[in-house]
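Participant: Residue numbers (full-length UniProt numbering): 1 to 122.
Idealized CB from N, CA, C, for every residue including glycine.
Handing you this structure, nothing more for now.
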């Protein structure tokens, strides 16, 4: 799981558009005069559409008993949007390696010229 670090302008936007979905923790970055914050998505949502995505699960044969039945891999991720509700920023429960944002936030980030992002519809 990657931990996003965002500029204070991005943090302000997220605080405004998704106040209940994020926690922002100040971070000191050596050599950077601007303020940055660690972005924590506070709402994992069980929303992976296992039929539309390509998923694999840990099995007993792999010898890791504590992971049996958990996602081992998720390709071509698709989510069941009916399970997301009004949440604007979240990670899929069981596959926290991705951070998902709403189209509203995506559009706002693009308008502000935020860099270091990559968007893919899920």
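1) Grab me the residues of residue 70's own chain with a C-beta within less than 7 Å of its C-beta, minus the 5 sequence neighbours each way, in chain order.
2) On the three-state DSSP scale, how would you describe residue 66?
3) If you draw a straight line from the alpha carbon of residue 28 to that of residue 101, how long is it in whole angstroms?
4) On the CB-based measure, 16 or more other CB atoms within 10 Å of its CB, does residue 88 come out buried or exposed?
5) Between residue 48 and residue 79, how many whole angstroms is the CB-CB distance? I'm expecting something under 8 Å.
6) Whole angstroms is fine: what's the gap from residue 34's alpha carbon to residue 108's?
7) Given this structure, state the Cα-to-Cα distance separating residue 54 from residue 99, to the nearest angstrom.
8) Tell me the DSSP secondary structure of residue 75 in three-state form.
9) State the DSSP-derived secondary structure class of residue 103, mapped to helix, strand or coil.
Facilitator: This is what the structure holds:
1) As a first step, residue 70 must be located in the chain shown, where it is residue number 70. Closer than 7 Å at the Cβ level, and outside the excluded window around residue 70, lie 57, 58 and 94.
2) The residue given as residue 66 occupies position 66 in the chain shown. Shown here, residue 66 sits in a helix according to DSSP, grouped into three states.
3) As a first step, residue 28 must be located in the chain shown, where it is residue number 28. As a first step, residue 101 must be located in the chain shown, where it is residue number 101. Roughly 25 Å between the two C-alpha positions.
4) Residue 88 sits at position 88 when you count from the first residue of the chain shown. Buried, by the Cβ-count rule.
5) Against the chain shown, residue 48 aligns to sequence position 48. Against the chain shown, residue 79 aligns to sequence position 79. With a Cβ gap of about 6 Å, residue 48 and residue 79 count as contacting.
6) As a working note, residue 34 is residue 34 in the chain shown. As a working note, residue 108 is residue 108 in the chain shown. Approximately 20 Å between the Cα atoms of the pair.
7) The residue labelled residue 54 in the question sits at position 54 within the chain shown. The residue labelled residue 99 in the question sits at position 99 within the chain shown. In this model, residue 54 and residue 99 are separated by some 18 Å (Cα to Cα).
8) To locate residue 75, count along the chain shown from 1; it is residue 75. Residue state, collapsed to three classes: strand.
9) Here residue 103 is taken as the residue at index 103 of the chain shown, counted from 1. When DSSP states are grouped into helix, strand and coil, residue 103 belongs to the helix group.
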